[in-house]
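Going from the first sequence to our numbering is simple: count from 1 and add 394.
Please read the structure below before turning to the comments.
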Amino acid sequence: MDVRDMAYRYLTQLTHTSATKTLARAIHAHIITSGFTPNTFILNRLINIYCKSSNITYARKLFDKIPKPDIVARTTLLSAYSSSGNIKLAQELFNTTPLTIHDTVSYNAMITAYSRGNDGHAALKLFLQMKRLSFLPDPFTFSSVFSALSSIADEEWHCQMLHCEAIKWGALLIPSVLNALLSCYVCCASSPLVDTSKLMASARKVFDEVPKNQVYEPSWTTMIAGYVRNDDLDAARELLDGMTYPIDVAWNAMISGYVRRGLYEEAFGMFRRMHSMGIQEDEYTYTSLISACASCNVRMGMFNCGRQVHGYVLRTVVEPSERFIMSVNNALITFYTKYDRMVEARRVFDKMPVRDIVSWNAVLSGCINARRIEEANSIFREMPERNVLTWTVMISGLAQNGFGEEGLKLFNQMKSEGLEPCDYAYAGAITSCAVLGSLDNGQQIHSQVIRLGHDSGLSAGNALITMYARCGVVESAESVFLTMPYVDPISWNAMIAALAQHGHGVQAIELFEQMLKEDILPDRITFLTILTACNHAGLVKEGRHYFDTMCTRYGITPGEDHYARLIDLLCRAGMFLEAKSVIKSMPFEAGAPIWEALLAGCRIHGNIELGIQAADRLLELIPQQDGTYVILSNMYAALGQWDEVARVRLLMRERGVKKEPGCSWVEVENMVHVFLVDDARHPEVQAVYTYLEQLVHEMRKLGYVPDTKFVLHDMESEHKENALSTHSEKLAVVYGIMKLPLGATIRVFKNLRICGDCHNAFKFISKVVAREIVVRDRKRFHHFRNGECSCGNYW
DNA sequence: ATAGGGTTAG
395 MDVRDMAYRY
405 LTQLTHTSAT
415 KTLARAIHAH
425 IITSGFTPNT
435 FILNRLINIY
445 CKSSNITYAR
455 KLFDKIPKPD
465 IVARTTLLSA
475 YSSSGNIKLA
485 QELFNTTPLT
495 IHDTVSYNAM
505 ITAYSRGNDG
515 HAALKLFLQM
525 KRLSFLPDPF
535 TFSSVFSALS
545 SIADEEWHCQ
555 MLHCEAIKWG
565 ALLIPSVLNA
575 LLSCYVCCAS
585 SPLVDTSKLM
595 ASARKVFDEV
605 PKNQVYEPSW
615 TTMIAGYVRN
625 DDLDAARELL
635 DGMTYPIDVA
645 WNAMISGYVR
655 RGLYEEAFGM
665 FRRMHSMGIQ
675 EDEYTYTSLI
685 SACASCNVRM
695 GMFNCGRQVH
705 GYVLRTVVEP
715 SERFIMSVNN
725 ALITFYTKYD
735 RMVEARRVFD
745 KMPVRDIVSW
755 NAVLSGCINA
765 RRIEEANSIF
775 REMPERNVLT
785 WTVMISGLAQ
795 NGFGEEGLKL
805 FNQMKSEGLE
815 PCDYAYAGAI
825 TSCAVLGSLD
835 NGQQIHSQVI
845 RLGHDSGLSA
855 GNALITMYAR
865 CGVVESAESV
875 FLTMPYVDPI
885 SWNAMIAALA
895 QHGHGVQAIE
905 LFEQMLKEDI
915 LPDRITFLTI
925 LTACNHAGLV
935 KEGRHYFDTM
945 CTRYGITPGE
955 DHYARLIDLL
965 CRAGMFLEAK
975 SVIKSMPFEA
985 GAPIWEALLA
995 GCRIHGNIEL
1005 GIQAADRLLE
1015 LIPQQDGTYV
1025 ILSNMYAALG
1035 QWDEVARVRL
1045 LMRERGVKKE
1055 PGCSWVEVEN
1065 MVHVFLVDDA
1075 RHPEVQAVYT
1085 YLEQLVHEMR
1095 KLGYVPDTKF
1105 VLHDMESEHK
1115 ENALSTHSEK
1125 LAVVYGIMKL
1135 PLGATIRVFK
1145 NLRICGDCHN
1155 AFKFISKVVA
1165 REIVVRDRKR
1175 FHHFRNGECS
1185 CGNYW
């Protein structure tokens, strides 16, 4: 039989049998080798067959052989590029098509391609261009432009405009277009930049227009899921209860809504009802329930509940699909890690017959949260694939554990591997800079964030506020806060903390009041911050007031950390009686943070008797913390009880309390001496004041605004008759720095080199006062934390 | 159309 005859006979059939595919290849080969010239119909049909059988490369080869491919051939190829996700090639093909042969179908195909590539703006632009060039939109045009619009989701105006257009062209008579419009409204409504309730009302109107004569109508699920996504659970539930035909997807959506809102009872109630009604539960149901149990703010009851779900799944599901195994086990991994059960989590992971990237990311993040950095590093290395999420977990995990340098390195590596960091990844990188106190790097990343349009991102913005605050530039922190397109409670907390850290206690409180005026609910962290602010500003009365309102008006049960700050506040003001009665009134036994606060107050006011009591309790509670021994021996020394001093030091040695890393015993003794001197009487106090004043002056010249009053005030009140004797003036500077706001960056003027004594002093102090100190001179930064130092050159 | 892995504030 002639090839031409065969071509006609087989290719006019609508089905793509394997015979057609084989034939397609034969004909293609024939075209290449012989002079056979098939007509347009055959060629287009061949291209179509190649595309349908995912042989786009062949299709393209054939396409390139055609001297003047028509619009059908072009559109076929374009759709194939679009559905395989190759938007660039689709766009190239579209743009090289002569204007004269374009038609509505080719425009539709390109809009769909943009929609697949999540480029709503491009899709919209093309739609407008299409109208300008007088192409007539059809229902397909609207379906694709609606689904493209979901990726923009920050301009409700677009939805409404296109809604009107669709009515004008009669496209809404088609149910699938109505559904696309419905999804579009629902999707746009979840953006924080729009009026959610208004868009949901529009969505509801569309939903009500959908004819409900079919038993199974997908718009029900879309609408229910939409209500769930936009946090209107009652409306969702009402719709669900009104459904005559129970759809498992809708039930799953409802359960996930309850879980997200923290209504775990309701979620499990739905699950039981679903079960009794005979609706088949699936991996979606189980993962939602397991994640409910993994929610951090619940206790042991939920742990057992999660284990029961685990057991239930193992018992009842006989032949789980790969998808089922992966999603349920992934949820279980997270569940176990949230309860610090790394062993169980690893067991689940190790026993999985198939794993996907989510499984790997889940164990990785589990390790990071358990502070197992080494294990996380090795998992990261052996992972078969990594995505943006993987890198984000690693970067922020490193930053949070003080490995700022490593975090930044990974961030750069991520970019050099061609991955586009997301908002969260930028947040991690910015935190790395904050940890390092590296303003230069922070600013550089800030400009990247702006350039890439991530500046609307919450996380990056929030991280920037903290980074600028820690690097000593409150003004920049404030300008970030003010220019963020929308903020959340975390942003407020970050900004209040930024002000508090820099000694602007009053402004911090003002901002807090403004937050209340704007009806933003403060949380436990807001109050921690505000107590710190009061502490720094010496606002004792206000601090107590806020502590009370926290309990009464906002129903937040104060944690030990809140009590510790209150006690810190009272003790710094010398109100030891009140502090003691607060401790008595606490509903739990006082732990280390409480005694530490008390001890700190006692040191300032020289209340040695009470201080010794607090220190003794601390030695019982945290016998390995060397700082306490030092302070205690100082206090005995101040009383002249040298045998007690000796006893404390002996105790320290007996208990094998680790000496400072990098400090020899002799140096530790020296440091002890520093503190001893602080508590002793010396005639050279004037020299220290002069020196501090000079330091403050130099800092001002360098553009840093130290909290001068705070430094000098404390020096004055505590050490009026004290001074330094044998140790160098450098240590006086160090002492002054101790008094600077938490997390402040200190620029060291040029004749002071951070080395030797001074370096060790910083290490020691960072441990004793349990705070981070960042010191930078012109070439290097030094970051002291928990008695360790990381230092290096700027990038 | 539904679920499972991430971030930022103290």
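Yeah, the Cβ is synthetic: ideal placement off N, Cα and C, and Gly gets one too.
Keep in mind it's a predicted model, so treat the numbers as computed, not measured.
query	result
Short of 8 Å in beta carbon distance, which residues of its chain neighbour M720, apart from the five on each side in sequence? Order them along the chain.	M746, V748, R749, D750, V752 and S753
Which runs of the alpha helix (DSSP H), 4 residues or longer, sit entirely within the segment 930 to 992?	934 to 946, 954 to 966 and 970 to 979
Give the range of the alpha helix (DSSP H) segment to which V843 is assigned.	L833 to R845
Does DSSP put V643 in a helix, in a strand, or in coil?	helix
Decide if the segment 627 to 635 is in contact with the segment 644 to 651; the criterion is three or more beta carbon pairs, one per stretch, under 8 Å apart.	yes
Quick one: what's got a C-beta closer than 8 Å to G760's C-beta in the same chain, skipping five residues either side?	I727, T728, Y730, T731, M736 and A739
S509 and A517 - do their beta-carbons sit closer together than 8 Å?	yes
Can you grab the Cα-Cα spacing for the pair L1044 / Q1007, in whole Å?	19 Å
Alpha helix (DSSP H) containing V600: first to last residue?	T590 to E603
How many Å lie between D589 and T416 at the Cα?	56 Å
Taking only runs that begin and end inside the segment 880 to 911, name each unbroken alpha helix (DSSP H) of 4 or more residues, in chain order.	883 to 895 and 899 to 911
By Cβ distance below 7 Å, which residues in the same chain neighbour Y818 in space, the five residues on each side in sequence not counted?	T786 and S853
Reducing DSSP to helix, strand and coil, say where H1076 ends up.	With a pLDDT of only 33 at H1076, under 50, the local geometry of the prediction cannot be trusted, and the value read off the model is given with reservation. In this structure, H1076 counts as coil in the three-state DSSP scheme.
Quick check: what's the CA-CA separation for Y680 versus G663?	13 Å
Shortest alpha-carbon distance to L567 belongs to which of L556, E776 and V604?	V604
Drop a sphere of 10 angstroms on the beta-carbon of A863, count the other beta-carbons inside from all chains shown, and report buried for 16 or more, exposed for fewer.	buried
Do you know how far the Cα of I426 is from the Cα of Y402?	19 Å
Look up F875 in the DSSP assignment and say whether it is helix, strand or coil.	helix
How would you write the range of the alpha helix (DSSP H) that A764 sits in, first residue to last?	Segment: none, A764 is in no alpha helix (DSSP H) and carries neither H nor E.
So, with DSSP's three-state summary, where would you put G700?	helix
Mind checking which residues open and close the alpha helix (DSSP H) that includes G514?	G514 to R526
Quick one: what's got a C-beta closer than 6 Å to G932's C-beta in the same chain, skipping five residues either side?	none
Quick one: Cα of G822 to Cα of A793, how far?	7 Å
Assign S1027 to one of two classes, buried (16 or more other C-beta atoms within 10 Å of its C-beta) or exposed (fewer than that).	buried
How far does the alpha helix (DSSP H) with T470 in it reach, from first residue to last?	I465 to S477
So the candidates are P883, I884, D882 and M889; which of them puts its Cα closest to the Cα of S873?	M889
Note down, in chain order, each residue of its chain lying with its Cβ closer than 6 Å to the Cβ of D497, except the 5 sequence neighbours on either side.	I465
The ligand HEM and E486: does any heavy atom of the ligand fall closer than 7 Å to the residue's C-beta?	This structure lacks the ligand HEM, and indeed carries no ligand of any kind.
As a quick exercise: from D628, G1021, L813 and A1040, pick the residue whose alpha carbon is nearest that of V1051.	G1021
Give me the Cα-Cα distance between L1118 and G847, rounded to the nearest whole angstrom.	Bear in mind that the predicted position of L1118 carries a pLDDT of just 27, short of 50, making it too unreliable to give a figure here.
What's the C-alpha gap between I824 and L833?	10 Å
In terms of residues, what are the limits of the alpha helix (DSSP H) holding L1015?	I1002 to L1015
How should E1115 be labelled, buried or exposed, when 16 other C-beta atoms within 10 angstroms of its C-beta is the threshold for buried?	Residue confidence is low: E1115 scores 31 on pLDDT, short of 50, so the model does not pin down where it sits. No coordinate-derived value is stated.
Which whole-angstrom value describes the C-beta separation of H999 and G953, a residue pair presumed to lie in contact below a C-beta threshold of 8 Å?	Actually they do not touch by this definition, with Cβ atoms about 26 Å apart.
Note down the Cα distance separating L572 from E486, rounded to an integer number of angstroms.	31 Å
For the putative contact between L627 and R598, defined by C-beta atoms under 8 Å, what is the C-beta separation to the nearest angstrom?	Not confirmed; about 15 Å, so no contact.
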